[in-house]
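> Protein chains in written order, with this note's numbering: chain S, 1 to 480; chain A, 481 to 675.
Dumping the structure here so I can ask a few things about it.
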Amino acid sequence: METVGIDLDEDLKLACVKKKKNNYQIRFLKSIVKKDLLKSKFVKQIYKKRTCTGVEANDFILHELKLKAKNNSILEKTLSFQIKPLCHLVNRIDFPICQKKEEGKSYFSVFTTTDESLGKHLDVYKKISIDPDYVSTIPSALVRFAKYATNTTDGFLINVSKNRTTLVWMEEGKVKKAFSCYGASFLSKSLSVADLSNKKPINILKVKKNSEFILFSQKVGTFFLNLPKEKKAVILTGDLVHFDFIPFFKENFSDWVQNIVIPENSSFAISIGLALEGDNSDGKSVQFRQKKWIAKKFIRKISVRLASLFLFSIAGSIFFYFYKTQIIDEEDKRITSYFNSSYLLDQKRFGNEGKILSFNENYSNWNKELNSPAFPYLFSGPKVKDFLIWLDATTKDAGVKITKIHYKLLSFPKIGSLKDPYKIFIEMEYTADKIVARNFYEKISEDKEMVSKNDKIIWTPQEQMYKLSFFCKPTPLRSK
Amino acid sequence: MIKKILSEKKLYSLTISVLFIPIFVSFSLIYLKEKKLEDKAYMIQLIGQKAKTNYLLRSSVKDFLQIHKNSDQEYIENTLETLSFLQDEVQSLKPLLNHPAFQNSISQDRYKQLSTQNRLCFTEDQPKANKTCKETSLRQKDPIEVDKKDLATILQLIEEEKEKKPQLIIHNFSLEKTNNETVFLTLDLLKRTFN
C-alpha cells in the first residue's frame with residue numbers, strides 16, 4: 001500500500017512512499033503553493049492512499065516509562081494504570097510505544113497530546129479537504145527520515161521550514177527530546193532580488209541580525225542548553241535553498257555539533273518521514289487518531305467491509321436455509337404420505353373407512369384407537385389343557401407322583417371390575433423321595449415357560465407329601 | 481458505535497459476530513425444522529410399532545367376536561351335561577348286571593353310580609350383563625370321576641374356540657387322584673355370550 005506524508009507549512013508538501021520487499025520507494029514528491037491549494041486536484045490523487053500528518057513538537061509531551069511485567073496481559077493493565085499519573089492534562093490522548101523489552105522489563109515512550117491540539121491540527125487540514133488516516137508527530141517523522149536517508153540512529157535532527165523550526169534529540173532511533181519554534185521566514189525579508197536569483201545559499205551569519213534573528217538564535221539555544229554537552233551528528237533538513245545554516249549551528253553550538261549532514265530530499269524530510277510513519281511496518285509509529293478521533297474514511301472502510309461481510313453472510317445463510325428447507329419439506333411429504341397409506345391400510349383391515357384429514361388429526365385418531373383399553377374378555381392365561389400338558393412334560397422322568405392339582409383364577413375381569421387381570425394360581429400335592437422332591441421343586445422354580453417369577457413359589461414339605469404352589473405367567477397372544 | 485469498539489479485539493469480536501449471527505440464526509432455524517421432522521418421523525415410527533403390536537390384539541378381538549357371536553345359549557346343557565364318563569368301565573360292568581353272582585354287589589352299585597350319577601351338572605348364578613356381553617358363573621354340583629380320555633374330552637369341549645359356542649373359562653379346577661387310574665374332577669365355569 002502506498003502511504004502519503006502531508007506537511008502543511010507555508011506550502012503543502014506531499015511525499016508518497018511504497019514498501020517493496022524491505023526497502024522504501026519514493027513514488028512522488030510534490031510541493032503545492034498555498035494559493036494553488038484549492039485549485040489543485042491533489043486530494044483526488046491521494047484519496048485511495050493512506051495519509052499521515054504530524055503534530056508539531058510543542059503540541060505533545062513525551063514521557064518514558066519502564067515497566068516490569070510477567071506477561072502481556074498484565075503489562076497492558078499495568079501500562080494504562082501507570083500512564084494516567086504521568087501528566088495532569090485533561091482530555092488527553094496517550095499513545096504508548098514499546099521501544100524495547102529486556103530482562104523482563106519493557107521500555108515505553110508515551111506520546112501525549114490533548115483533544116484540543118489534535119482538533120486544531122485536524123481543522124487545519126480539513127480546510128484543504130484532508131482527513132488524514134494517521135496523525136503522528138513531526139519529530140517522529142524526522143527520526144524516520146534520518147534513519148531512512150542516513151542510517152543514523154543517534155544525533156540531532158534540525159528542520160528549518162518557513163513557519164516552524166523543529167529540533168529533535170534522537171537517541172537509539174527514537175525521539176528523546178523535541179522542540180519547535182518559529183520558522184526562518186524572517187530571513188526571507190532580508191533577501192534582495194539579487195540574493196533570490198543567486199543559486200548559492202547565503203550564509204545566515206552574514207545576514208543582518210535583527211531582533212527576530214536574535215530571538216530565533218535564543219530559541220534554538222534554549223533547546224541545546226538543556227541537553228548534555230555531547231557532540232553528535234546533526235542532520236539538517238528543511239527549506240535550505242536560499243540559506244546556509246551550517247555555519248550558524250557549527251559556530252553557535254559547537255559543544256553539541258560534531259558534523260552536519262544535509263541528506264538528499266531534505267526539503268521533503270518531514271513529508272517523507274510522515275509517509276514512513278504512516279506505513280508503520282515496525283508497529284512503532286505514533287497514531288493519535290484513536291477512539292473518538294478515528295478517521296471517517298477508516299470507519300467508512302470498516303463499515304463497508306462489515307456490511308459486505310454481513311450481506312454475504314446473510315445471502316449465504318438465506319440460500320442455505322431455503323436449500324435445506326426444500327430437502328426437509330420433501331422428506332416431510334414423503335413420511336406424511338407413508339403415514340397416510342399405513343393409516344388407511346390399517347383402517348381397511350379392520351373394516352373402517354379411513355379419511356385423510358390433517359396429519360395431526362389422523363395421528364390423534366389412530367393413536368386413540370390404538371390406546372383404547374385392552375379387550376378384557378380375551379383370556380390371557382394358560383388354559384387348563386395347556387397347563388396339564390406342561391405338567392405332564394415336567395413330571396416325566398422326575399420321579400414324582402402328583403396326587404392333587406388345583407387350578408384357580410384368583411383374579412379375572414368380570415362385569416363390574418373389567419380391569420382386573422387374569423391371575424392363575426396353582427396348588428399341587430405330590431409324593432416322592434426327599435431328594436427327588438427337592439429336585440422337582442428346583443426344576444419348577446427354574447421353569448421359564450409356565451411359572452411366574454414375579455410371585456412367590458411356595459414349597460412346603462410335609463410327612464411323605466409335598467405341597468407346591470405358584471402363579472402362572474400370562475400367555476402372550478399368538479398369530480394364527 | 482463503531483468508534484467505541486474500534487480496538488483490535490473488539491473489532492475482531494464484532495467481525496466474528498457479524499459473520500456468524502446470520503449463519504447461527506439460519507442454522508438454528510434449520511435445526512428446529514429438522515428436529516420437528518425428526519420428532520414427526522419418530523412419532524410415525526412409534527405409532528407404526530404400536531399398530532404392529534396392537535394388530536395381533538385387534539385381529540384377535542375381531543376374530544374372537546366373530547366366533548362368539550350368536551352363540552348357543554344351551555351349549556353346556558346340550559354338550560357338557562350330556563356327557564358320560566368312564567365308559568370302558570361301564571361297558572365292562574354291564575354284563576355283570578344280570579349275572580346272579582353279582583346281584584346287589586359293589587359292581588352293581590358302581591355301575592349305577594357311573595351310568596346315572598357320574599355326570600356333569602352345574603348350578604347357575606344370577607347372570608350379569610353389559611353392552612358387550614352377558615356373564616354367568618356356573619358351579620359344578622358334585623365331583624365326578626373321570627379318566628384321562630374323559631378329562632381331555634371335557635377340556636376340549638370347554639376350552640376350544642368354536643363358532644356359535646359361548647366363551648367358557650374354567651376359573652376353578654381341581655383334580656384328585658384316586659386309587660385307580662382315575663381322578664375326581666371339580667370345576668367351576670364362567671360363561672360369556674356376546675351381542
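Positions of the beta carbon are idealized from the N, C-alpha and C atoms, including for glycine.
These figures come from a predicted structure and were not determined experimentally.
Mind the definition here: the region 366 to 381 of chain S touches the region 529 to 541 of chain A only if three or more C-beta pairs lie below 8 Å; say whether that holds.
Enough Cβ pairs lie closer than 8 Å, so yes.
> For a cutoff of 7 Å on Cβ pairs, would you count F111(S) as touching chain A?
Taking Cβ atoms only, chain A never reaches closer than 7 Å to F111(S), which makes this a no.
> Using a Cβ-Cβ distance cut-off of 7 Å, determine whether K671(A) contacts chain S.
With 7 Å as the cut-off, K671(A) does not count as an interface residue toward chain S.
> How would you list, in chain order, the residues of chain A whose beta-carbon sits under 8 Å from the beta-carbon of T325(S)?
Near T325(S) (Cβ distances below 8 Å), the residues of chain A are I510 and K513.
> At the level of alpha carbons, what is the spacing between I235(S) and S254(S)?
Cα to Cα, I235(S) sits roughly 14 Å from S254(S).
> Within its chain, find whatever has a CB closer than 6 Å to the CB of K18(S); leave out the 5 residues flanking it on each side and keep chain order.
Counting only Cβ-Cβ distances below 6 Å, and skipping sequence neighbours, we find E2, Q25 and R27.
> Relative to the C-alpha of Q636(A), which residue among I405(S), D386(S) and M465(S) is closest?
That would be D386(S), whose Cα lies nearest to the Cα of Q636(A).
> Taking only the alpha-carbon atoms, compute the straight-line gap between E514(A) and Y338(S) and give it to the nearest angstrom.
Rounded to the nearest angstrom, the two C-alpha atoms are 18 Å apart.
> Does the beta carbon of T403(S) sit closer than 7 Å to a beta carbon anywhere in chain A?
Yes, because at least one Cβ of chain A sits closer than 7 Å to the Cβ of T403(S).
> Less than 7 Å between CB atoms is the rule here; does Y466(S) satisfy it with respect to chain A?
False, the Cβ-Cβ gap to chain A never drops below 7 Å.
> Which word fits P646(A), buried or exposed, when buried means at least 16 other C-beta atoms lie within 10 angstroms of its C-beta?
Buried: at least 16 other Cβ atoms inside 10 Å.
> For G416(S), which three-state DSSP category applies?
DSSP places G416(S) in coil when its eight states are reduced to three.
> Can you tell me which of the three DSSP states Y134(S) falls into?
Residue state, collapsed to three classes: strand.
> Could you check if R672(A) is buried or exposed, using at least 16 other CB atoms within 10 Å of its CB as the buried criterion?
Under this definition R672(A) is a buried residue.
> CA-CA distance, F216(S) and S267(S)?
Roughly 20 Å between the two C-alpha positions.
> Which residues share a DSSP beta bridge with G518(S)?
It is not possible to answer for residue 518(S), since the shown part of chain S is limited to 1 through 480.
> What separation, rounded to the nearest whole angstrom, lies between the Cα atoms of I318(S) and S303(S)?
Near 22 Å, if we compare the C-alpha coordinates of S303(S) and I318(S).
> Given a limit of 8 Å on CB to CB distance, which residues of the region 526 to 544 of chain A reach chain S?
Here the close residues are I527, G528, K530, A531, N534, Y535, L536, L537, R538, S539, S540, V541, K542, D543 and F544.
> Residues of the region 596 to 616 of chain A with a CB closer than 8 Å to any CB of chain S: list them in chain order, please.
The region 596 to 616 of chain A vs chain S, Cβ under 8 Å: K608, A609, N610, T612, C613 and E615.
> Where do the ends of the beta strand (DSSP E) carrying V570(A) lie?
First-last for V570(A): Q567 to L573, but that is the alpha helix (DSSP H), not the beta strand (DSSP E).
> Taking the C-alpha atoms as reference points, what is the distance between K219(S) and L225(S)?
About 10 Å.
> Is the shortest distance between the beta-carbon of L378(S) and the beta-carbons of chain A less than 7 Å?
Yes, L378(S) lies at the interface with chain A (some Cβ there is under 7 Å from its Cβ).
> Please report the distance separating the alpha-carbon of F470(S) from that of K629(A).
Roughly 27 Å separates the two Cα atoms.
> In terms of residue numbering, what span does the alpha helix (DSSP H) encompassing T658(A) cover?
No alpha helix (DSSP H) contains T658(A), which DSSP labels as neither H nor E.
> Identify which residue in D59(S), T78(S) and F60(S) has its Cα closest to the Cα of K68(S).
The candidate whose alpha carbon is nearest that of K68(S) is T78(S).
> Could you give the DSSP three-state label for I294(S): helix, strand or coil?
If DSSP states are grouped into helix, strand and coil, I294(S) belongs with coil.
> Less than 7 Å between CB atoms is the rule here; does V304(S) satisfy it with respect to chain A?
Chain A, which has no Cβ nearer than 7 Å to the Cβ of V304(S), makes this no.
> Between E615(A) and I415(S), how many whole angstroms is the CB-CB distance? I'm expecting something under 8 Å.
With 8 Å as the limit, E615(A) and I415(S) qualify as a contact, their Cβ atoms being about 5 Å apart.
> By Cβ distance, which residues of its chain are closer than 6 Å to T166(S), with the 5 residues on each side in sequence left out?
Same-chain partners within the cutoff: A57, I138, N159 and S180.
> Taking the C-alpha atoms as reference points, what is the distance between L409(S) and E449(S)?
About 18 Å.
> Please name the residue in Y511(A), A521(A) and T559(A) whose C-alpha comes closest to that of C601(A).
Checked all of Y511(A), A521(A) and T559(A); the closest Cα to C601(A) is T559(A).
> Please check if any C-beta of chain A sits within less than 7 Å of the C-beta of I204(S).
Cβ-Cβ to chain A under 7 Å: no for I204(S).
> Using 8 Å as the Cβ pair cut-off and three pairs as the minimum, do the region 644 to 659 of chain A and the region 399 to 409 of chain S touch?
A contact exists between the region 644 to 659 of chain A and the region 399 to 409 of chain S.
> Residues of chain A with CB under 7 Å from V384(S), in chain order?
Within chain A, the residues near V384(S) are L635, E639, I650 and F653.
> Which residue from T237(S), E172(S) and K105(S) puts its Cα closest to that of G183(S)?
Nearest option by C-alpha distance: T237(S).
> Shorter than 7 Å from the beta carbon of L665(A) to some beta carbon of chain S?
By this cut-off, L665(A) is not an interface position.
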